[in-house]
Amino acid sequence: MEWSFIVSVALFAAVMTGTPGPNNVMLTASGANFGYVKTLPHCLGIGLGLISLILLNGAGLGVVFTNYPVVQTLLKWLGSGYLLYLAWRILSAGINKTGQDDQAKPMTCLEAVLFQYLNPKAWLMSVTAVSSFSLSGEHYWFSLLAISVIFLLIQLQTSSVWIGFGTVIRRWLSTPIAWKRFNSSMAMLTASCVLFIW
24 MEWSFIVSVA LFAAVMTGTP GPNNVMLTAS GANFGYVKTL PHCLGIGLGL
74 ISLILLNGAG LGVVFTNYPV VQTLLKWLGS GYLLYLAWRI LSAGINKTGQ
124 DDQAKPMTCL EAVLFQYLNP KAWLMSVTAV SSFSLSGEHY WFSLLAISVI
174 FLLIQLQTSS VWIGFGTVIR RWLSTPIAWK RFNSSMAMLT ASCVLFIW
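Mapping of the sequence shown onto the working numbering: position 124 corresponds to residue 147, and the numbering continues sequentially without gaps.
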């Protein structure tokens, strides 16, 4: 495995996982509402979900979208609906005096894995990663595995930054009104991600 391959995949992964999108907006909101440690399962679930998408696309799942466009349309509708549901959950979170939601819970690892299948940016990342960086011939599956590992290692770093950003914001949210404004902003950003789907 050449260094040029590793560096290229790492740079692509850093740009794709480090820039704003549904995952990073939700990680920031979770970091602010629940703290760094409680958001780590969400963070890990994103990485595992991306790996599964990369491997499935490498195995030929992309052909399903080509042959059956209705599947892609269905995923768009499901993804849009779920993003709006998550935005509503963030918006309707009731914050108590300690800055914690009495009923809300951070996203679990499994929920984060499953969300990647409804996340248009995750599909874009996985399809582009496989089509751009996988090697042909006998090195194909090894290159897919390498892409997956590099993506996971980079994603854990970039996601940590977004969680950390949320925990820093938490320090400034000292009143219920400030919490409500923050959650409203995060809800609007999450809902706006639906525009990128269509």
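Even glycine gets a Cβ: it sits at the ideal position worked out from N, Cα and C.
Because the structure is a prediction, the values reported are computed rather than measured.
Contact set for residue i: own chain, Cβ-Cβ below 6 Å, skip 5 residues either direction
{"i": "valine 32", "result": "Phe156, Ile170 and Ile173"}
{"i": "leucine 141", "result": "Leu101, Gly102 and Tyr105"}
Buried or exposed (CB count within 10 angstroms, at least 16 for buried), residue i
{"i": "phenylalanine 165", "result": "exposed"}
{"i": "glycine 180", "result": "As written in the sequence, residue 180 is glutamine, which differs from the glycine given in the question. Per the 10 Å Cβ criterion, exposed."}
{"i": "lysine 144", "result": "buried"}
Span separating the alpha-carbon of residue i from that of residue j
{"i": "valine 93", "j": "cysteine 132", "result": "29 Å"}
{"i": "asparagine 119", "j": "valine 150", "result": "Confidence is the limiting factor: at asparagine 119 the pLDDT is only 43, short of 50, which leaves the residue's position unreliable, though a coordinate-based value still follows. Distance between the alpha carbons of asparagine 119 and valine 150 is about 42 Å."}
{"i": "leucine 78", "j": "leucine 109", "result": "27 Å"}
{"i": "arginine 193", "j": "serine 183", "result": "15 Å"}
{"i": "isoleucine 177", "j": "cysteine 66", "result": "12 Å"}
{"i": "methionine 130", "j": "leucine 147", "result": "22 Å"}
{"i": "glutamate 25", "j": "leucine 175", "result": "19 Å"}
Limits of the alpha helix (DSSP H) - the one that residue i falls within
{"i": "glutamate 134", "result": "132 to 139"}
{"i": "alanine 152", "result": "143 to 156"}
{"i": "tyrosine 91", "result": "Tyrosine 91 -> no alpha helix (DSSP H), and no H or E assigned at all."}
Proximity of residue i and residue j at Cβ, strictly below 8 Å
{"i": "alanine 37", "j": "glycine 189", "result": "no"}
{"i": "asparagine 206", "j": "leucine 114", "result": "yes"}
{"i": "methionine 49", "j": "threonine 213", "result": "yes"}
{"i": "leucine 167", "j": "glycine 72", "result": "no"}
{"i": "serine 75", "j": "valine 153", "result": "no"}
Beta-carbon contacts of residue i that lie in its chain and below 8 Å, excluding the five residues immediately before and after
{"i": "alanine 201", "result": "Trp195"}
Close beta carbons around residue i, own chain, < 7 Å, minus the five adjacent residues each side
{"i": "valine 217", "result": "Ser103, Leu106 and Leu107"}
is_contact[residue i, chain C] using C-beta, thresh 8 Å
{"i": "phenylalanine 138", "result": "In the structure shown, chain C cannot be found, because there is only a single protein chain."}
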